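Since the structure comes first, as structure tokens, the remarks are kept for the end.
Protein chains: 2
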Amino acid sequence: MFKQTCTNLTTLSIQRVRQWLNGFETIICDADGVLWHFDKAIDGSVEAFNAIQDTGRNTFIVTNNSCLCSEKIRLKARDFGFNVRKDHVLNSGKSVASFLSSKNFQQKVFVVGGVGIIEELAAVNICAFQFRNEKIKKSMRDFALEMEVDEDVGAVVVGRDDSFNMCSVIRACHYLRNPQILFLGCCLDAAYPIGNNRVLAGAAAMIALVKTITSRKPLILGKPNPWIVREPIESGAINPATTLMIGDTLETDIKFANYNGFQSILVGSGVTELEKVERIRDRGQKKQMRLVPDAYLPRLCDIIEYL
Amino acid sequence: MFKQTCTNLTTLSIQRVRQWLNGFETIICDADGVLWHFDKAIDGSVEAFNAIQDTGRNTFIVTNNSCLCSEKIRLKARDFGFNVRKDHVLNSGKSVASFLSSKNFQQKVFVVGGVGIIEELAAVNICAFQFRNEKIKKSMRDFALEMEVDEDVGAVVVGRDDSFNMCSVIRACHYLRNPQILFLGCCLDAAYPIGNNRVLAGAAAMIALVKTITSRKPLILGKPNPWIVREPIESGAINPATTLMIGDTLETDIKFANYNGFQSILVGSGVTELEKVERIRDRGQKKQMRLVPDAYLPRLCDIIEYL
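As structure tokens, then:
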């Protein structure tokens, strides 16, 4: 109804918005910036999420966060009070695991990223390993020449990792010199503003580093890649025609909704400002329009009165 | 005479090559891959360099290596036996210092890179600092929120740094959120192959990481930027019309020669294979032609018989 118009729902009548929302059987929420910020739920998001769930709708959390495995993200959500069902949390680490599993991948995976990736891979019987905080007493050149490598590695996965260091990067790049070895990335989130003009690095930063050294391009399996919801779509648990995605990031959430044929709401509680979207919409360039959501709400909790 | 033909000099008569070389008053050599590999001089390079010097030619070493300051690179060269004169070694750290000095830069510089950059800046009375191997016991988010920042920083310089870690990157990215703060890079060398299918990361890798997080583009002051030889050209110590550049890398050395109006020889002892250059030359695309050297020699020592 509001296709790529970024309609501010708070400017419409309650009946009109309610009528639109009535058409959705499934509502997918992004996590960071929509449901919570780091260790704090966003005001009203728990009540809103649970109210959606109480209407009998199918609710999912789909996040590019790969630092934790999807089950731990579910437990974190439950600790906040979100009534999210088992197997209804999907993340980019799980997407990587599902991709490799679908290829009947039998080798080992070297990971530069969070332990969540390793746990997701273990859940599909794929052996993954990493080196965290590796310390060396020799020069990096001697380290690189002398390091032992695992001949059974068949893929390198790079995700967000605050503790990554050059040893780990050098190992990853060595494996990737062999073009047979897959190069997978969790997502292309570049930075997370945390207030006070400070930022944290996203997975795209680590991926850029490895890309530059190896001249290779990774396959990114987090949003906006539809692979992250392939299983529930194939099983019929998600019907794209009656699915609404609620997110805070254009390049991941809104593009992802577009790629899947979902409708979308951008919320203003995360990284994207409404003015930025309105500028893109008003420019109207065809390729950029896939970044424009159908609708806008300041925060997830604003949805309650329309349910 | 051989403009962008990548003529293999060993296929020509000695007289013809000698005649060409006679036209050069100044010969500039790149260091890594031409004169030495890490801690080892390349066979015959000391004799060749000194033989060039003995003909009365003006010899320079111009390198993108910023891990050491230019004076320490000169001492390293002398330890190998190269007769290189004081102030005849120029590197990317010195280029950064000369750039800031020319702007009458009065603030502090935050460095992600080798100590050589700090030493070059100190030599022109610019205060620079870095944090190496910073260890934290809190989350990266708490670190980023609580870290103290220096309000007097006016530039961030990123160079090759094997020991860099996320704390240092987060500091650099914080400063770069302010568009008034300059973003300078030492060079765009992406990787250094060290044999046995192993590589080390070049400065371009660290720069890519910071670029991705900040969405800012640095000014690169190493080769191919002519800034690195601005001073000797302006003082008349180097006359571009009678200068020959000998290097091993197309994107830095040969493009640099082209930008400066120097003639160029590619040597095969470093990162570039002759076949790659011949493919570029034979394709003949205008923009790519600036990567094609005038001449080719397998190694620097092959020059001796033509002097």
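Protein chains in written order, with UniProt numbering: chain A, 1 to 307; chain S, 1 to 307.
Using N, Cα and C, we set each Cβ at its ideal position, and we do this for glycine too.
Computed from a predicted structure; not experimentally measured.
The alpha helix (DSSP H) with residue i in it runs from where to where?
i: V46 (chain A); result: S45 to D54
i: Y175 (chain S); result: M166 to L176
i: F80 (chain A); result: S70 to F80
i: N260 (chain S); result: K255 to N260
i: G116 (chain S); result: V115 to A123
i: E305 (chain A); result: That residue, E305 (chain A), is in no alpha helix (DSSP H); it is neither H nor E in DSSP.
i: E273 (chain A); result: Element bounds for E273 (chain A): n/a, residue is neither H nor E.
Note the first and the last residue of the continuous beta strand (DSSP E) segment covering residue i.
i: Y296 (chain A); result: A295 to L297
i: P218 (chain S); result: It is not in any beta strand (DSSP E) - P218 (chain S) carries neither H nor E in the DSSP assignment.
i: K108 (chain S); result: K108 to V112
i: M140 (chain S); result: Element bounds for M140 (chain S): not the beta strand (DSSP E) but the alpha helix (DSSP H), M140 to E146.
i: A201 (chain S); result: R198 to A201
i: G247 (chain A); result: T243 to G247
i: V157 (chain S); result: V153 to V158
When DSSP labels each residue in this structure, what does residue i get in the three-state scheme?
i: S101 (chain S); result: helix
i: G183 (chain A); result: Strictly speaking, residue 183 (chain A) in this sequence is Phe, with Gly absent from that position. Here F183 (chain A) sits in strand by DSSP.
i: C29 (chain A); result: strand
i: L266 (chain S); result: strand
i: K94 (chain S); result: helix
i: A237 (chain S); result: coil
i: A190 (chain A); result: coil
i: K40 (chain S); result: strand
i: T59 (chain A); result: strand
i: G23 (chain S); result: coil
i: V292 (chain S); result: coil
i: V84 (chain A); result: coil
i: T10 (chain A); result: helix
i: V34 (chain A); result: coil
i: V229 (chain A); result: helix
i: V89 (chain A); result: strand
Chain A partners of residue i, CB-CB under 7 Å?
i: T272 (chain S); result: Result: empty, since nearest Cβ-Cβ is about 14 Å, beyond 7 Å.
i: N197 (chain S); result: H174 and R177
i: T212 (chain S); result: A190, A204, A205 and A208
Any beta-carbon of chain A closer than 7 Å to the one on residue i?
i: G209 (chain S); result: Position check: residue 209 (chain S) holds Leu in this sequence, whereas Gly was assumed. Closer than 7 Å to some Cβ of chain A, the Cβ of L209 (chain S) qualifies, so yes.
i: L35 (chain S); result: no
Any C-beta of chain S sitting closer than 7 Å to the C-beta of residue i?
i: M1 (chain A); result: no
i: A204 (chain A); result: yes
i: F38 (chain A); result: yes
Residue i touches chain S at which residues, Cβ-Cβ below 8 Å?
i: T26 (chain A); result: Neighbours of T26 (chain A) on chain S: none; closest Cβ ~32 Å, over 8 Å.
Give me the chain S residues within the contact set of residue i, using Cβ-Cβ distance strictly less than 7 Å, ordered along the chain.
i: I194 (chain A); result: R141, A144 and L145
i: A41 (chain A); result: Correct list: empty, because the minimum Cβ distance to chain S is about 16 Å.
Please compile the residues from chain S whose C-beta is within a distance smaller than 9 Å of the C-beta of residue i.
i: T181 (chain A); result: The amino acid at residue 181 (chain A) is misidentified as Thr; the sequence shows Ile. Ordered by position in chain S, no residue passes the 9 Å Cβ test against I181 (chain A), which lies about 12 Å from the chain.
Taking Cβ-Cβ distances shorter than 8 Å, what residues in chain A pair up with residue i?
i: L200 (chain S); result: M140, R141, A144 and I170
| request: With 8 Å as the limit, tell me which residues of the region 162-175 of chain S have their beta carbon closer than that to any beta carbon of chain A; keep them in chain order. | output: D162, S163, F164, N165, M166, V169, I170, C173 and H174
| query | For the region 84-116 of chain S, which residues have a CB atom closer than 7 Å to at least one CB atom of chain A, in sequence order? | reply | none
| In the region 70-85 of chain A, which residues sit with their C-beta less than 9 Å from some C-beta in chain S, listed in chain order? | none
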